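Peer 1: Just passing along the structure, written as structure tokens.
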Amino acid sequence: MRFLSMVRINENAGTQITPKLMEDMGKLMDEMTKSGVLVATAGLRPTSEGVRFKLSKCRTSVVDAPFTETKEVVGGYALLETKTKEEAIEATKRFLHVHGDEWEIECEVRQMDMPAFEDA
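Residue numbering for the sequence shown is 5 to 124, as defined by my numbering.
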């Protein structure tokens, strides 16, 4: 089963990514990739660099950043492949704990209905 773990952050909190976090995260990602649990992961650029699209009644509207009511945003994701939802939750907890005490983040874990584009 595949799960998407979405990391939610407060962009205004000012928490910095340290070299230690990058090193610890790299080790964890390497271990999880080798075990087959981690399929893909990435952080996302700040919302200040983003664009939002909205479709309503067959009309598309576009809103350029900054987004006035943005407080908590998806700051990254991990695509996980596990046998159970519980295993996906445990893998996500490991990602959270690598961040340490200075971070306030949360993750939403959701099972995917169908696989993403498969490698040919």
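Heads up, the beta-carbon is just placed ideally off N, CA and C, and yes, glycines get one too.
Please read these numbers as outputs of a predicted model, since none were measured by experiment.
Between R56, V77, Q20, which has its C-alpha nearest V67's C-alpha?
Peer 2: R56
Peer 1: Going by DSSP in three states, S9 sits in which element: helix, strand or coil?
Peer 2: strand
Peer 1: Please classify A44: is it buried, with 16 or more other beta-carbons within 10 angstroms of its beta-carbon, or exposed?
Peer 2: exposed
Peer 1: Between which two residues does the beta strand (DSSP E) containing A4 stretch?
Peer 2: Since the first residue shown for the chain is 5 and the last is 124, residue 4 is missing from the structure and cannot be characterised.
Peer 1: So for K61, helix, strand or coil by DSSP?
Peer 2: DSSP places K61 in coil when its eight states are reduced to three.
Peer 1: Taking 8 Å as the threshold (C-beta atoms), are T86 and M36 in contact?
Peer 2: no
Peer 1: Does DSSP put E106 in a helix, in a strand, or in coil?
Peer 2: coil
Peer 1: In the DSSP assignment, what are the bridge partners of N14?
Peer 2: E76
Peer 1: Short of 7 Å in beta carbon distance, which residues of its chain neighbour M116, apart from the five on each side in sequence? Order them along the chain.
Peer 2: So the qualifying residues of the chain are R6, F7, L8.
Peer 1: Excluding the 5 residues flanking D28 on each side, which residues of the same chain have their C-beta closer than 8 Å to its C-beta?
Peer 2: V102
Peer 1: Pick helix, strand or coil for G47, following the three-state DSSP scheme.
Peer 2: In the structure shown, G47 adopts extended strand secondary structure according to DSSP, grouped into three states.
Peer 1: Should T96 be labelled buried (16 or more other beta-carbon atoms within 10 Å of its own) or exposed?
Peer 2: buried
Peer 1: Taking the alpha-carbon positions, what's the M10 to E76 distance?
Peer 2: 12 Å
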